[in-house]
Structures are given as structure tokens and as C-alpha cells.
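Enquirer: Numbering (the numbering used here), first residue to last: 2 to 656. C-beta: ideal position from N, C-alpha, C; glycine also. As the structure is a computational prediction, the values presented were derived from the model and not from experiment.
1) Quick one: Cα of residue 576 to Cα of residue 561, how far?
2) Can you check which of these residues, 25, 77, 42 and 103, is closest to residue 473 by C-alpha distance?
3) Using the three-state DSSP reduction, which class does residue 543 fall into: helix, strand or coil?
4) Quick one, which of 322, 328, 427 and 347 has its alpha-carbon nearest residue 336's?
5) Sorted by chain position, which residues of the same chain lie with C-beta nearer than 8 Å to residue 388's C-beta, five sequence neighbours on each side aside?
6) DSSP has residue 53 in a bridge; who is on the other side?
7) Distance, Cα to Cα, residue 72 vs residue 86?
8) Starting from residue 268, follow its DSSP beta bridges and name the residues at the other end.
9) Let's test the definition: count the other Cβ atoms within 10 Å of the Cβ of residue 251 and tell me whether it reaches 16, buried, or not, exposed.
10) Alpha carbon to alpha carbon, how far is residue 465 from residue 434? Give it in angstroms, no decimals.
11) Would you report the Cα separation of residue 651 and residue 225, rounded to the nearest angstrom?
12) Given a threshold of 16 other Cβ atoms within 10 Å of its Cβ, counted over all protein chains shown, does residue 497 qualify as buried or as exposed?
13) Please determine, among 135, 644 and 527, the residue with the shortest C-alpha to C-alpha distance to residue 288.
14) Excluding the 5 residues flanking residue 603 on each side, which residues of the same chain have their C-beta closer than 8 Å to its C-beta?
15) Among residues of its own chain, excluding the 5 on either side of residue 477, which ones have a beta-carbon nearer than 7 Å to its beta-carbon?
16) Buried or exposed: which applies to residue 346, given that a residue is buried once 16 or more other Cβ atoms fall within 10 Å of its Cβ?
17) Among 629, 554, 552 and 37, whose alpha-carbon lies nearest the alpha-carbon of residue 585?
18) Taking the C-alpha atoms as reference points, what is the distance between residue 116 and residue 192?
19) DSSP state of residue 203, grouped into three classes?
20) Which residue spans inside the segment 8-76 form an unbroken beta strand (DSSP E) run of at least 3?
21) Could you spell out where the beta strand (DSSP E) holding residue 621 opens and where it closes?
22) For residue 485, name the three-state secondary structure that DSSP assigns.
23) When the Cβ atoms of the segment 242-260 are set against those of the segment 208-223, are three or more pairs found closer than 8 Å?
24) For the beta strand (DSSP E) that contains residue 534, what are its first and last residues?
25) What does the Cβ neighbour count give for residue 14, buried or exposed, with the cut at 16 atoms within 10 Å?
26) Whose C-beta lies closer than 7 Å to the C-beta of residue 131 among residues of the same chain, with five residues either side of it excluded?
27) Is it the case that the segment 516-532 contacts the segment 620-628, given that we only count it when at least three CB pairs across the two stretches are under 8 Å?
28) Can you list, in chain order, the residues of its chain with a C-beta nearer than 7 Å to that of residue 272? Leave out the 5 residues immediately preceding and following it.
29) Leaving out five residues before and five after residue 40 in sequence, what residues of the same chain have Cβ atoms less than 8 Å from its Cβ?
30) Examine chain C for any beta-carbon lying closer than 8 Å to the beta-carbon of residue 265, and answer yes or no.
31) Rounded to whole angstroms, what's the CA-CA distance from residue 535 to residue 542? Just pull it up for me.
32) So what's residue 179 in DSSP terms, helix, strand or just coil?
33) Indicate the three-state DSSP secondary structure (helix, strand or coil) for residue 655 in the structure shown.
34) Buried or exposed for residue 238, going by 16 or more other Cβ atoms inside 10 Å?
35) Give the DSSP-derived three-state secondary structure of residue 476 in the structure shown.
36) Of all the beta strand (DSSP E) runs that stay within the bounds of the segment 72-130, which reach a length of 3 or more residues?
Dropping the structure here:
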């Protein structure tokens with residue numbers, strides 16, 4: 002804190018112009034004490050009030066009294082020198098379990114506020130940042146905010162994705178309607194930093210906000226396990242106009258396998274697996290850094306791709322070169338990159354910003370790290386180092402990085418941040434309040450286009466964290482559908498990249514609906530029984546398996562193991578199709594908005610798909626086999642004939 006400044010953690014004050022104001026912490030304290038007493042929280046969660054109070058007391062006492070002290074000197078952003086780093090040993094972790102709900106953003110904010118109050122962020126014993134984090138709050142990049150900026154043969158001035166901080170950053174037309182087909186960055190979903198892939202096919206099929214002529218998909222299997230409402234989406238992909246033309250006229254898919262989406266596509270671009278191409282696990286996207294080190298890595302090809310197959314990235318670069326796109330071609334229109342490998346090495350963020358996909362061994366001779374000119378031998382150096390790069394931070398900049406001036410200076414010098422100002426963690430969100438004031442009509446500038454949008458912003462865009470029931474809970478009979486159902490991606494089956502390794506099929510060829518034995522007994526279900534699972538949207542039949550690791554009110558399964566019959570060049574009677582199943586048939590991408598319309602089954606602030614809001618009821622089935630089933634897919638012309646028996650051996654054949 003700045004010298005001479007005496008902060009007020011809590012309190013109510015009068016401003017010089019006579020307004021009454023409260024500190025952020027005062028607002029949170031009042032809300033918690035009023036709305037979230039142990040008794041009220043117990044009624045929501047089912048946890049006893051005494052347990053809630055005990056756990057809260059334990060966290061508070063440990064954070065206050067059980068200090069960790071390290072003899073590390075550092076200087077804060079206000080010039081104060083410290084001889085030690087201290088920490089409060091309370092560690093809290095949350096990821097998809099919190100985020101993948103229609104109340105995920107505010108719930109995650111509440112968890113973050115608890116971590117701030119306990120003083121456990123980027124300190125010993127608590128949650129720690131991994132480079133390139135922390136980033137400014139909110140992060141700097143803004144999305145395109147004006148449809149007139151989208152022009153033929155012209156690069157976008159801003160990224161297509163970003164972090165709006167006010168209504169003026171939204172991507173809407175002058176009448177307030179969405180510009181993007183997924184409605185991201187609109188008044189309906191303002192802070193959609195990752196887009197809304199789950200709504201694209203539904204919106205395109207409906208022509209809302211407009212018709213499209215071509216849909217290109219890569220990596221995601223949008224006719225099966227990557228989509229909500231799988232059965233409904235399949236019908237949308239097949240649906241036609243009265244004149245016989247398809248409602249989505251032209252589908253392009255890039256995939257390494259004969260996935261379910263390939264079967265509906267007009268053009269297929271044969272992709273490669275991770276064994277047949279270079280990949281980067283970059284600081285620019287989903288970094289794998291350690292708490293005290295900058296880390297990134299590559300994958301290298303160990304097999305030649307099959308004839309006619311190439312990485313989708315390679316296809317995009319070739320396409321960009323043929324179209325003469327700026328950034329991919331020089332002033333004479335000649336392509337700048339020979340291919341994807343060349344692109345990985347030589348692409349930089351900007352001409353004056355020597356940051357590329359990889360942080361290691363930059364510069365002409367490979368002597369620079371994190372920033373530096375492209376190095377022609379960079380990938381070879383990664384391969385010599387086991388495909389990994391690691392750069393350890395000095396001790397003085399390993400903690401308190403949001404207010405550690407030495408770290409902020411270092412991060413600025415290495416282009417990880419744009420300013421070396423302290424990164425202030427906020428309990429009260431000015432960003433959310435700007436949108437709420439726009440909804441109230443008390444803020445100049447862009448205004449919501451409809452009454453429904455205003456009501457939505459007023460309800461959800463509270464600048465102080467709060468909890469509200471998942472949206473699905475308000476539109477289904479929660480007593481009838483009393484069991485929560487969740488689906489998770491098993492790491493070896495992630496997307497479409499590697500889910501048909503022959504050895505993997507034998508290890509994980511069927512998924513089960515995991516259920517708590519106590520709950521199963523109450524439902525009359527035995528271990529390995531076949532059961533019906535029904536939501537308000539659909540119904541499936543699956544094989545149940547007991548697990549004490551599952552809460553009694555929850556069932557879960559792996560995603561992506563169940564296949565459509567004939568897909569992936571599997572025999573139509575393969576277990577993946579006859580025993581494996583997909584929970585996505587029970588999930589809907591849209592819910593009733595309470596007034597005769599529909600609203601996306603997503604977080605109303607961020608657009609994050611609410612995969613984990615699903616509620617079901619379960620009972621024992623009389624027959625075996627997974628349902629629903631679809632007409633088996635037929636092999637495409639030119640596909641390799643599937644073998645009747647596939648065997649591998651580690652022993653060398655004689656002769």
C-alpha cells in the first residue's frame with residue numbers, strides 16, 4: 002500500500018459530495034452474514050450447519066495463526082522492502098467443477114474472494130500463479146467491437162476473442178443484435194472470452210441471428226460428444242429447407258478419424274494424430290509452467306502421416322498463402338511460411354515484438370529465452386532437451402507476483418504483461434457494474450436492446466459475488482429429477498486425436514454410469530445392472546457400476562467412449578457402440594426462458610456451457626444394451642477395410 006495511506010478494510014463513509022459509500026469488504030461481509038448463514042447454506046448444500054461453521058473456522062484460524070515464513074527478500078509495488086515472504090497454509094483449487102455451471106462465474110468469484118480474504122494467493126502454502134500469470138484484471142486484449150472493422154482481405158485490428166470491460170467492447174450491430182453466429186460478446190453473453198461453440202449449430206440451423214452458407218469444424222466432434230443435445234443436433238445437421246437444400250448448406254470437417262461429424266460433412270480434410278506432426282504447448286495458450294519456472298514444450302512427429310493427410314494447421318497456412326492474406330504473405334503476395342513447422346519457428350506476435358509460439362532457445366544462435374528473434378534450429382534444440390524448455394525464476398520474484406515490483410518489471414521486460422503496474426485483485430467488479438448500470442439506464446453509452454436483456458443484466462451482473470441456483474433447476478422438476486449427472490473427458494480420449502489406439506480400446510473400451518452403492522440400493526439397482534437415465538430432455542440406457550467415490554446424489558461417466566455404430570471404422574457391433582453410451586443425449590443446449598422463448602443453457606455472464614447442471618432420474622432396465630441407437634454409418638469410399646481381428650505383439654517374429 003502506498004506510503005502515508007491508511008486503508009479502510011471495512012466501514013461506511015461519506016464522500017465530500019454527501020454520498021454514502023462502503024468498502025468492498027464491507028459489502029461482502031454484509032452479504033455473507035445476511036444471505037449465507039450456515040443454516041441457509043446447509044439447506045442448499047445438504048452439509049450440516051455445524052460442519053460448515055467448523056470448516057470455516059478451521060480455515061480462518063489456520064490462515065491467521067499458522068504462518069509459513071521463507072527468508073526471501075523482495076520489494077512490493079509501493080517501494081516497501083521485505084526481508085521475508087510469508088504465507089497462510091490454506092490451499093483451495095477449483096476448475097471445471099465450479100465453472101461448468103450456469104452459475105459458475107459468480108461461484109468462482111466467490112471462491113476467489115474467500116482466497117483473498119484468507120490471504121492465500123501466490124504465497125507459500127496456498128494457490129500460486131504459474132507463468133505467464135498473473136495477468137491484469139481484467140486481461141488486456143479486447144475483442145472486435147464494431148462490425149465495420151470486419152472487411153474482406155483485411156486483417157482484424159483486434160483478436161476475435163478477448164475480454165470486454167464495458168458495453169462499448171461488445172460485438173453488436175447498431176440495433177444491438179449479435180454480430181457473431183454464436184452470439185458471443187452480445188448483450189446476452191457479454192464476457193464470452195472463449196466463444197460459445199455449443200450454440201453454433203443450433204443458431205445456424207435456426208438462422209438466428211442470420212443464415213450461414215459454410216460451417217468449418219476442427220478438433221471438436223460436434224455431431225457427437227462435443228455437443229449438447231446430441232440427438233437433436235444430428236437432426237439439425239440433416240434438416241432441409243422446403244426446396245430440398247440443407248439448412249446448413251456446406252459442412253467442412255478436419256479429422257484424423259471417421260468420427261461421427263465426418264459422416265455429415267460435405268468436405269473432409271484428413272488430419273493427423275499427434276504422432277505425425279509437430280505441436281506446441283505454448284505460453285500463449287494453456288501453459289504447463291511450474292510455480293517457479295517458465296515451461297513450455299513441443300510434440301515431434303515419430304511417424305510419417307498417411308498419404309493425403311496433413312495437419313489442419315498446415316492446410317490453414319496453405320490456404321492463407323493462396324488467398325494472399327496479410328501476415329501470411331509478403332508485400333509481393335508471396336507466402337512467408339513454407340508450412341506449419343516453419344510457421345512455428347518464424348511467426349511472431351508483431352514485427353516489433355519478438356515473441357513466438359515457443360519461449361526456449363530464441364535468437365539467431367539460440368541464446369535468448371522467452372523473447373528473441375526466430376531461431377532456425379529452435380525445434381532441434383527442443384528435441385535435444387527432451388522436447389521441454391524450463392526457465393527458473395529467481396527466488397525474489399517467485400511470490401506475491403501481483404504486487405512484487407521486481408517480478409512486474411521482469412514480466413514487462415519479457416513481454417508477459419503490457420504494464421508493470423500492480424495487479425489488483427478485485428472483490429468488487431467495476432466491469433460487471435458498468436453493464437448493470439447500462440441496464441439501469443444510468444450510464445451513458447451503449448444500452449441493452451431489449452427489456453429481457455436489461456432484466457438479465459440486472460439479475461446476474463452483480464459486482465459483489467453471490468450464489469444463485471443453476472438455471473436448469475428453475476425450469477425442471479427437481480424432485481422428479483433429483484440426481485445430478487456429470488460427464489468428464491478421460492485424458493486418453495480427449496477430442497478426436499487419439500481415442501482409437503488399438504491398445505487403448507482394450508483398456509478402456511466401454512464406459513459405465515458410476516453410481517454410489519447406497520443410492521443404488523435405494524433405487525433397486527445392483528452392480529453392473531443396466532439402467533435407464535432420464536432427464537427432462539431425453540432418455541438413455543446404460544450399464545451402472547458401483548463406486549464409493551461418487552456422492553449419493555450424483556452419477557458420472559467418461560465422455561467420448563460411446564460411439565455411433567459404424568463410426569471410427571469400427572465394427573457396428575463393437576462394444577463402444579453396443580455397450581458404450583453418451584450422456585450428452587440427456588443434455589440440452591437451450592432452456593426455457595420462462596416467457597415462451599429459449600435461452601442458452603450457459604452461464605449468462607460468460608457463456609460457459611452448463612455441462613454440470615444436468616439432473617436425471619434413474620431406474621433399473623429390463624433389457625441390456627445402450628440406447629439410443631442410430632442407423633449404422635457406412636464406410637466411406639476409399640477407406641481401409643476394417644480388420645476382423647487386430648493383434649499386436651512386442652516379440653519379434655521369426656523369419
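Expert: Looking at the atomic coordinates:
1) 13 Å
2) 103
3) strand
4) 322
5) 298, 299, 300 and 301
6) Note: residue 53 sits in no beta bridge, so no partner.
7) 7 Å
8) 253
9) exposed
10) 9 Å
11) Roughly 35 Å separates the two Cα atoms.
12) Legend: pLDDT at residue 497 = 46, less than 50; position of this residue unreliable, value from coordinates given subsequently. It is buried - the Cβ of residue 497 has at least 16 other Cβ atoms within 10 Å.
13) 135
14) 103, 190, 197, 199, 200, 609, 610 and 611
15) Leaving aside the five residues that flank residue 477 on each side, the residues in its chain whose CB is nearer than 7 Å to its CB run, in chain order, 537 and 616.
16) buried
17) It is 629.
18) 23 Å
19) helix
20) 13-15, 21-23 and 69-71
21) Residue 621 -> beta strand (DSSP E) spans 616-621.
22) strand
23) yes
24) 531-535
25) exposed
26) 288, 290, 291 and 292
27) yes
28) Excluding sequence neighbours, residue 272 sits near 255, 256, 257, 310, 312 and 313.
29) 50
30) Judged by its chain identifiers, the structure shown contains no chain C, having just a single protein chain.
31) Taking the straight line joining both Cα atoms gives about 9 Å.
32) strand
33) It is coil, neither helix nor strand.
34) buried
35) coil
36) 86-88
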